[in-house]
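Here the protein sequences line up with chains A and B, keeping their order.
Residue numbers are given in the working numbering: position 43 of the first sequence equals residue 43, and the series is strictly consecutive.
Count along the second sequence from 1, add 193, and you get the number used in the working numbering.
Ideal placement from N, C-alpha and C gives every residue a C-beta, glycine not left out.
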Amino acid sequence: MVISKGVPIFRVGIFGKKCYLRFCKFLRVLSIKEKVFSQLIKDNQGLIIKVSRLYTNSLEDEQDLFQEIVLQLWRSYDTFKGNSKISTWMYRVALNTAITLFRKKTKSPQTDELMDFHYPDFIEDDDEKQQQISLLYKVVKMLPNVERAIVMMYLDDLPYRDISENLGITEVNARVKMNRLKKTLKELMEKHA
Amino acid sequence: MPEFNIDQFKKTWQEQAIQPKYNSDEIRLMLNKSSRNYVKYILGISIAEFLVILGMNFYYIFLGDDTNSYLNILEKLGVKNNADLIADLSHLYFVLKVISLILTGFFVFKFYKNYKHIKIESNLTKLILQIIKFKNTVNYFILANVFLIILYTIALGIFASWALSNQNITLTHPTLVGFYVGLLLMMILSVVLIWVYYRIVYGIILKKLGKNLEELQKIELGQS
């Protein structure tokens, strides 16, 4: 379906019935597309929530980042043609949005601020698991932005090839960084556990 | 505490249960934030222009009295202002005002009816269609007012020639032509002003909205 250049909304209605009908048809198709996309996001929102949570310090910022990531995913929806896995595409867009957009907005969190960080949406898990996850979030959030992304993808078992592609670094570089990060995380864990 | 190893945390991390926060409708709302804003501008401007024109109509219908100024013009043409002429002109104005009032009343009703149908929280597709319908009412209202301007001009022109012939006044050629050309210019100026306003206000907003929708259309074409 093709509509004439620049959606002819100006001529819609009293300016031409044909244009109006074409426009309606376009909107109907668009509506179906929106439905499919929003279902996709709904089913995979856990990933976006995790990224949003890792890169923000308040619930409000977290929601803002979530919205921005969804918007960026929608904009890049046409580049995702099913060649790569949905999760890889989502990771790439979500992390890049978080890193570039929120680098300016939020300063790196201080250790003190993290003490009363809350996780309102966790389903009540058994206590030990819950504590482990809280601790993990706490220490990962102490890392710089790019390093945070590497650890998150590593924890989610993404291969180094995908990690390096998503961040635009070489595979070797990603491995080296992750090995260093393991040590850093160990130190942080021991300090804050 | 046993020695920390991040690999031991992988399983826990991957199995962390996260409560879904957003449903499909909420996600759809997020998609169209910027388009939605432009659509809201159109709604806002439509309401504003409707109110301005409505205010102008009411002013002329209830408060404005153009009888004297028009009689002055006629006097300059040589027409004697007697009681009959004033009464006839008042009748003409009355009829024109009643037409304006009926027209305005009809549009106020339509405007309100369409406005009530608009639900900002509905999805972008529905919202745009609702706004197009609403915008059309405003378009027709403005168009009707342009016709009213033309009708006024023609009626006043006919009245002038009727008054002149009634009092057996033959105007010299340049004066008569000057009068009608002035009347015509006034009418054209009003219509052009409305047209220019439309191009500027809607030109800018619709261009931006069009760009947003084009972006969405690209996705549409890329997927199909």
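Can you have a look at residue i and say buried or exposed, based on whether 16 or more other CB atoms are within 10 angstroms of its CB?
i	result
Y277 (chain B)	Reading the sequence as shown, one finds Asp at residue 277 (chain B) and not Tyr. By the neighbour-count rule (16 or more Cβ atoms within 10 Å), D277 (chain B) is not buried but exposed.
I49 (chain A)	buried
T88 (chain A)	buried
A94 (chain A)	buried
N216 (chain B)	exposed
A193 (chain A)	exposed
Q323 (chain B)	buried
F340 (chain B)	exposed
L158 (chain A)	buried
K183 (chain A)	exposed
R392 (chain B)	exposed
W355 (chain B)	exposed
N166 (chain A)	buried
Below 7 Å CB to CB, which residues in the same chain sit around residue i once its five sequence neighbours on both sides are set aside?
i	result
T97 (chain A)	E68, I69, Q72
V2 (chain A)	Residue placement at V2 (chain A) cannot be trusted, given a pLDDT of 33 that sits under 50; what the coordinates show is reported in the next sentence. Once the five neighbours on either side are set aside, V2 (chain A) has no close Cβ partner at all.
E34 (chain A)	none
K186 (chain A)	none
What residues of chain B sit near residue i, judged by a beta carbon separation below 8 Å?
i	result
D194 (chain A)	Examination of residue 194 (chain A) is not possible in this model, given that chain A is present from 1 through 193 alone.
L136 (chain A)	F202, T205, W206
L185 (chain A)	F197, I199
E171 (chain A)	Per Cβ cutoff of 8 Å: no residues; E171 (chain A) is ~19 Å from chain B at best.
Identify, in the order they occur along the chain, each residue of the same chain with its Cβ nearer than 6 Å to the Cβ of residue i, setting aside the five sequence neighbours on each side.
i	result
N250 (chain B)	S293, T297
L143 (chain A)	none
S52 (chain A)	E62, L65, F66
Y119 (chain A)	Residue confidence for Y119 (chain A) is low, a pLDDT of 48 falling below 50, so the modelled location carries little weight and cannot support an answer.
T330 (chain B)	K303, F304, N307
V384 (chain B)	V339
Could you name the residues of chain B that residue i contacts, counting a contact when the two beta carbons are closer than 7 Å?
i	result
W74 (chain A)	L224
S38 (chain A)	S217, I220, R221
M189 (chain A)	F197
For residue i, return the contacting residues in chain A, with the cut-off set at a CB-CB distance below 8 Å.
i	result
F302 (chain B)	What F302 (chain B) touches in chain A: nothing, since even the nearest Cβ is about 19 Å away.
Report the neighbours of residue i on chain B: residues whose CB is nearer than 9 Å to its CB, in chain order.
i	result
V70 (chain A)	Y215, I220, M223, L224
M153 (chain A)	Result: empty, since nearest Cβ-Cβ is about 11 Å, beyond 9 Å.
M90 (chain A)	The premise fails here: M90 (chain A) is roughly 13 Å from chain B at the closest Cβ pair, so nothing lies under 9 Å.
K177 (chain A)	Those do not exist, as K177 (chain A) stays about 13 Å from chain B at its closest Cβ, beyond 9 Å.
E147 (chain A)	Neighbours of E147 (chain A) on chain B: none; closest Cβ ~13 Å, over 9 Å.
Please list, in chain order, the chain A residues whose beta carbon lies closer than 9 Å to that of residue i.
i	result
I295 (chain B)	Under the 9 Å cutoff, chain A gives no residues; its nearest Cβ is about 21 Å from I295 (chain B).
I311 (chain B)	Simply none; closest approach about 15 Å.
Counting only Cβ pairs nearer than 7 Å, list the residues of chain A close to residue i.
i	result
I397 (chain B)	Result: empty, since nearest Cβ-Cβ is about 11 Å, beyond 7 Å.
Sorted by chain position, which residues of the same chain lie with C-beta nearer than 8 Å to residue i's C-beta, five sequence neighbours on each side aside?
i	result
N265 (chain B)	none
L344 (chain B)	L289, I292
| field | Any beta strand (DSSP E) of 3 or more consecutive residues that is wholly inside the region 293-342 of chain B | value | none
| said: So if I threshold CB-CB distances at 9 Å, which residues from the region 338-370 of chain B count as touching chain A? | reply: none
| request: Quick one: which unbroken alpha helix (DSSP H) runs of 4-plus residues sit fully inside the region 135-164 of chain A? Chain order, please. | output: 145-155
| field | Uninterrupted alpha helix (DSSP H) stretches inside the region 232-283 of chain B (no shorter than 4 residues) | value | 260-270
| field | Contact list for the region 47-62 of chain A against chain B, Cβ threshold 8 Å | value | I49, K50
| message | My parser needs the alpha helix (DSSP H) runs of 4 or more residues fully inside the region 21-94 of chain A; what are they? | response | 45-54, 59-75
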